[in-house]
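Protein chains: 2
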Amino acid sequence: MAKTTGTGQRPTIRMVAELAGVSTATVSYVLSGRRGDGGPGVSDPTADKVKSAAERLGYHPNQAARAIRTGRTNTVILSLTMLSDPWSLSVIEAVQRAAAPLGITPMILGDADWVKVLGIHNADAVFVDAVGAKERDAPRRLAATGTTLVVFDELLEPEGFDVIRSLAGPGCELAMEHLLNGHRRIGCLTAVPSSGIPVGPRYAAYARALEGAGIPVREDYVGGFDGTTAGAYAAATRLLSLADRPTAVYATTDFAAVSAINAAQRLGLAVGKDVDIIGVGNTVEGERMSPSLSSVGPVDFFDRLARLLLQRATGEGSDAGPGVLDFPWQLFVRESAPHRNAAARLY
Amino acid sequence: MAKTTGTGQRPTIRMVAELAGVSTATVSYVLSGRRGDGGPGVSDPTADKVKSAAERLGYHPNQAARAIRTGRTNTVILSLTMLSDPWSLSVIEAVQRAAAPLGITPMILGDADWVKVLGIHNADAVFVDAVGAKERDAPRRLAATGTTLVVFDELLEPEGFDVIRSLAGPGCELAMEHLLNGHRRIGCLTAVPSSGIPVGPRYAAYARALEGAGIPVREDYVGGFDGTTAGAYAAATRLLSLADRPTAVYATTDFAAVSAINAAQRLGLAVGKDVDIIGVGNTVEGERMSPSLSSVGPVDFFDRLARLLLQRATGEGSDAGPGVLDFPWQLFVRESAPHRNAAARLY
DNA sequence: CTGTTAGCGCTTTCAT
DNA sequence: ATGAAAGCGCTAACAG
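From first to last, the protein sequence lines stand for chains G and P. Under the UniProt record's numbering, residue 347 is the last one in the first sequence; the count climbs by one each step, no gaps. Under the UniProt record's numbering, residue 347 is the last one in the second sequence; the count climbs by one each step, no gaps.
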């Protein structure tokens with residue numbers, strides 16, 4: 001078997017140049033694009049020599065070195081907390097689809113400690129899916145030192161970086177309105193911080209909607225959990241095991257709603273009949289499961305997010321500077337919480 | 001509010017040097033470690049000047065530039081197909097735990113196209129969780145050009161890279177033996193390629209074990225699916241809806257087993273009683289769910305994998321060269337497929 | 001059309 | 001104890 005490759009070291013542009021009998025500049029030119037501005041600028045014979053030399057050596061330009069010169073890494077970073085959440089997978093999928101044709105590689109950062117990492121590593125653009133309470137000014141600082149950021153946050157104002165807002169509040173109210181049209185005993189599943197008190201606009205919409213309907217918030221109807229699938233499952237089981245269990249459950253994320261559906265079925269309840277369950281986020285997982293999950297979510301969210309991120313990464317799209325991107329929300333009525341009317345009320 | 005940061009450009013070591021009134025060499029020295037070999041080599045006053053200058057500028061050394069000099073990126077790449085699989089999450093978690101104290105950042109590559117990416121981007125070490133049929137020689141090529149690789153594969157031989165084997169075959173036989181001790185109608189859930197024919201050692205163990213027990217493989221007992229959670233759920237539903245449904249289900253991955261449990265419960269079957277379900281992989285998700293999932297899996301797998309990867313990344317641990325790392329497997333009997341004896345047979 | 005050269009930000013001898 | 005300077009692999013002016 002021919003030993004086609006070499007020494008255990010990565011081939012450099014210089015080795016290619018030597019093997020092809022040309023200068024490194026020519027190699028760089030041939031491999032990375034046009035020279036100057038106008039005409040062709042390369043002869044076919046030389047180009048071929050270079051290409052075959054590169055091929056033989058298994059040469060690929062060192063991105064770190066290229067980055068240091070051009071300032072571009074051909075990389076975008078996705079900082080994703082909760083990788084197990086289908087929402088994250090949808091982000092990844094959409095960004096990958098959009099990045100591939102541009103020769104840009106999406107790298108995923110599962111680490112919660114994105115602030116430190118982004119201070120050190122460079123990417124053409126970075127998406128951050130959650131800024132914690134202690135890091136509210138980190139995006140501004142990072143943006144000031146040259147990091148191109150797109151953050152997903154309901155409250156942050158754009159200061160040198162883009163903010164994506166999903167308008168979850170109004171969206172979640174859609175979900176609650178849907179349930180209130182047929183239910184009065186409505187439970188809630190929501191991830192809670194260690195303090196134990198529910199927070200965030202998605203939970204707020206629950207409380208506000210109940211209040212608006214003149215229904216007091218029952219503490220035993222609020223199932224706080226730790227953010228894990230197992231936790232959601234346990235919380236749902238507790239809710240649905242109550243003597244006067246809720247006839248509907250509003251979950252602040254789709255994945256919690258999926259856990260609730262599984263828990264309900266385990267308890268022998270017919271979802272969409274004995275109990276209605278609605279989620280938030282409108283993930284494909286929920287859409288595909290059986291019974292399919294009713295949910296609310298932004299329209300065309302992931303693709304537009306991906307488009308913005310890559311536009312920022314490439315610098316293309318002569319759009320205006322950083323700003324806010326809002327997403328209109330919509331109600332997706334499916335099997336787990338069908339339409340109800342007066343005749344089909346569960347109370 | 002004081003405008004502490006500057007121009008929208010990342011501060012360089014030169015800016016720090018100027019602000020501190022020292023040379024770039026000194027800055028580099030202060031911030032990255034000892035100079036020379038022996039004695040201290042830095043005076044406290046200068047060190048302080050440098051540190052405070054760096055602080056004020058929000059300076060962090062540019063990793064790309066550092067990489068080009070040192071050849072180290074302080075990065076490991078995890079190439080993970082099937083990010084939704086809890087197995088992948090366990091890998092990520094373990095590697096992050098092990099990498100953090102070393103100042104190494106794990107980057108996740110969700111892209112299936114790892115060969116191309118690894119040819120371009122550098123990392124101190126790379127873990128690859130699956131090599132497809134068309135890429136069998138890619139690891140060797142990459143290793144020859146200087147990439148430090150750890151691949152997870154049952155068959156590949158180490159040629160300049162490490163191979164991790166889980167010895168799934170013998171492990172899966174453990175699972176089947178467990179089920180055969182109480183069942184004769186045993187179904188199988190397994191992801192199948194587009195060809196539609198089940199492959200791989202995990203499925204082979206199923207067929208072999210049945211054969212060994214003198215039980216023919218029934219085609220309608222083999223639930224092939226597309227690798228997604230939803231697909232596994234559908235396949236399990238089909239299996240368990242058969243007139244003479246299997247009394248036990250062997251799933252070639254834990255996540256498929258979890259789907260099977262959900263499907264069984266949806267159908268009103270008591271898991272661990274009416275039907276036994278066992279998985280492969282022994283993930284924490286399975287362990288924590290209710291009923292807890294019986295499974296087989298390697299012992300201490302993720303931590304040892306992480307240890308090896310980071311050892312390769314740092315070059316520490318004066319171990320021998322690349323080789324094969326085998327993992328002994330073990331049966332974990334939990335609620336979804338309890339111990340059975342002659343008296344408790346379901347046939 | 002091709003080669004020479006400077007320099008990106010950083011580390012690292014080697015002088016001082 | 002500190003600084004000057006070379007050079008990592010690459011790209012981009014500018015000559016030729």
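For glycine and all other residues, C-beta sits at the position ideal for the given N, C-alpha and C. None of the values given here were measured: they were computed from a predicted structure.
How about the segment 164-183 of chain P and the segment 108-119 of chain P: do they share at least three Cβ pairs that are nearer than 8 Å?
-> no
Status (buried if at least 16 other CB within 10 Å, exposed otherwise) for P:R136 | exposed
Coil, strand or helix - P:A251 by DSSP = In this structure, P:A251 counts as strand in the three-state DSSP scheme.
Cutoff 8 Å: G:L242 Cβ touching any chain P Cβ = no
Which of the three DSSP states, helix, strand or coil, is assigned to residue 355 of chain P?
-> Residue 355 of chain P cannot be examined here, being either before or after the span of chain P that is shown, 1 to 347.
Measuring only between beta-carbons, confirm whether G:N62 sits less than 8 Å from chain P.
-> yes
Per DSSP, which residues does P:F332 bridge with? Please list them.
-> P:S295
Compute the distance between the beta-carbons of G:P61 and G:L109, then report whether it is under 8 Å.
-> Cβ atoms of G:P61 and G:L109: not closer than 8 Å.
Sequence ranges, alpha helix (DSSP H) only - wholly within the UniProt domain "HTH lacI-type" (11-70) of chain G, length at least 4 | With a minimum length of 4 residues, the continuous alpha helix (DSSP H) runs that stay inside the UniProt domain "HTH lacI-type" (11-70) of chain G are 13-20, 24-32, 44-57, 63-70.
Could you give the DSSP three-state label for G:V131: helix, strand or coil?
-> Note: G:V131 maps to coil in three-state DSSP.
For G:G38, I'd like the list of residues in its chain whose CB is within less than 6 Å of its CB, leaving aside the five on either flank, ordered along the chain.
-> Low local confidence applies: a pLDDT of 48 at G:G38 is under 50, so the model's placement there is unreliable, with the coordinate-based value given in what follows. Here the set comprises nothing.
Whose Cβ in chain G lies nearer than 7 Å to the Cβ of P:T24?
-> Correct list: empty, because the minimum Cβ distance to chain G is about 15 Å.
Pull out every residue of the segment 263-294 of chain G whose Cβ sits closer than 8 Å to any Cβ of chain P, in chain order.
-> Residues passing the 8 Å Cβ filter: Q265, R266, G268, E285, R288, M289, S290.
Boundaries (first-last residue) of the alpha helix (DSSP H) holding P:V117 | 114-120
Please name the residue or residues paired with P:P101 in a DSSP beta bridge.
-> Paired residues: none, contrary to the question.
Span separating the alpha-carbon of G:A313 from that of G:D124 = 5 Å
DSSP-derived helix/strand/coil call for P:F161 = coil
Excluding sequence positions up to five away, which residues of its chain have a Cβ less than 7 Å from the Cβ of residue 353 of chain G?
-> Here chain G covers residues 1 to 347 and nothing more, so residue 353 of chain G does not appear.
Chain P contacts made by the segment 117-147 of chain G, where a contact means CB separation under 7 Å | Of all residues in the segment 117-147 of chain G, the ones placed with a Cβ closer than 7 Å to any Cβ belonging to chain P are V117, G119, I120, H121, N122, R141, A144, T145, G146, in chain order.
Do we get a CB-CB distance below 8 Å when we pair P:A230 with the residues of chain G?
-> yes
Three-state secondary structure (DSSP) of P:V199 | coil
Is the Cβ-Cβ distance between P:P170 and P:V151 less than 8 Å?
-> no
Ordered along the chain, which non-local residues of its own chain (more than five positions away) have a Cβ less than 7 Å from that of G:G281?
-> W87, T253, D254, S295, G297
Return helix, strand or coil for G:P338, following the three-state DSSP convention.
-> coil
Assigned secondary structure, P:L309 (DSSP; H/G/I helix, E/B strand, else coil) = Reduced to three states, the DSSP call for P:L309 is helix.
Compute the Euclidean distance between the alpha carbons of G:R69 and G:Q265, then round it to the nearest angstrom.
-> 58 Å
State the start and end residues of the unbroken beta strand (DSSP E) segment that holds G:T75.
-> 75-79
Classify P:M289 as helix, strand or coil using the three-state DSSP reduction.
-> coil
Rounded to a whole number of angstroms, what is the C-alpha to C-alpha distance between P:G103 and P:T75?
-> 9 Å
Going along chain P, which residues have a C-beta under 9 Å from G:R10?
-> The contacting residues are N122, T145, G146, T147.
G:L239 to P:A143 span [Cα, whole Å] | 54 Å
Candidates P:G223, P:V258, P:G71, P:N262, of which the one nearest P:P246 by Cα | Minimum Cα distance to P:P246 is reached at P:G223.
Any C-beta of chain G under 8 Å from that of P:T190 = Chain G, which has no Cβ nearer than 8 Å to the Cβ of P:T190, makes this no.
For P:G187, does the count of other Cβ atoms within 10 angstroms reach 16, so buried, or fall short, so exposed?
-> buried
Quick one: list the residues of chain P neighbouring G:Y233, beta-carbon separation under 8 Å, in chain order.
-> Identification of chain P residues near G:Y233 by a Cβ-Cβ cut-off of 8 Å yields M289, S290, ordered along the chain.
Classify P:G231 as buried or exposed, calling it buried when 16 or more other Cβ atoms lie within 10 Å of its own Cβ.
-> buried
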